[in-house]
Each structure stands twice: as C-alpha cells, then as structure tokens.
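In this text, residue positions in the sequence shown follow UniProt numbering: the first is 1, and each later residue adds one.
Worksheet: the structure to be examined is printed underneath.
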Amino acid sequence: MSAITRDQVAHLARLSRLALADDELDHFAAQLDQIVGAVARVAEVAADDIPPSSHALPLTNVFRPDDVRPGLTPEAALSGAPAVEDDRFRVPRILGEEE
C-alpha cells in the first residue's frame, strides 16, 4: 500500500500552485512514496545510544587570525564602475520607488 496517494499529490500541487497532468500525479506519488520509505528506514536504524551527527568523521574549523589589512580606496573600488554617484555605484532603478 502506497503511503502517498495521488489525491495527496494533487493537493500538494494545488497548494504549490503547480499544474500537474494526470500522469505526473502518478509519477510524483510513486517518487514521494519512495522518499517517505527511505526516511522511515533511516528512522528505524536510528538508536538512542548513537549520538546525532552531521558528518561521518569529526570535523573542526580552522580559523586564521583576524588581521586588519588595508582595503581598496573608494576611488580604486569605483574605478571600473560604469556609473558613480556620491562615491557609490550607480545602478538602474528596478523597483520603481520614489526618490
């Protein structure tokens, strides 16, 4: 018996505003059923005596010292810009906001 039904996939598609054909509903129902089954198998294996982990091997972060270094001057940073205004990059307006 499939855990995910065709009607559930159709409901999810409506919520997601996706238009799915009838054959796609069947196809995705089978795929989602396999995913749910795989997650269920992982849940069966998980034991209380095994600590949760995100990696198979322990990892440690390697940090470098946070040294202050000289950066670009505004003139150098803006030297290749196609348009500059008030020491900033000038870009086209995209949202139609009022000034």
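The beta carbon of each residue, even a glycine, is placed where N, CA and C say it ideally should be.
Remember, predicted model here, so these are calculated numbers, not experimental data.
Problem set entry | First and last residue of the uninterrupted alpha helix (DSSP H) at residue 28 | Where residue 28 is concerned, the enclosing alpha helix (DSSP H) stretches over 22–45.
Exercise. Are three or more beta carbon pairs between the region 56–75 and the region 29–40 nearer than 8 Å?
Worked result: no
Exercise. Using the C-alpha atoms, what's the distance from residue 25 back to residue 56?
Worked result: 36 Å
Exercise. Closer than 7 Å: is that where the CB of residue 9 sits relative to any heavy atom of the ligand ATP?
Worked result: The ligand ATP is absent from the structure shown, which contains no ligand whatsoever.
Problem set entry | Endpoints, alpha helix (DSSP H) assigned at residue 69 | Residue 69 -> no alpha helix (DSSP H), and no H or E assigned at all.
Exercise. Considering only the beta carbon of each residue, do residue 66 and residue 78 sit closer than 8 Å?
Worked result: no
Exercise. Could you give the residue range of the alpha helix (DSSP H) that holds residue 11?
Worked result: 6–15
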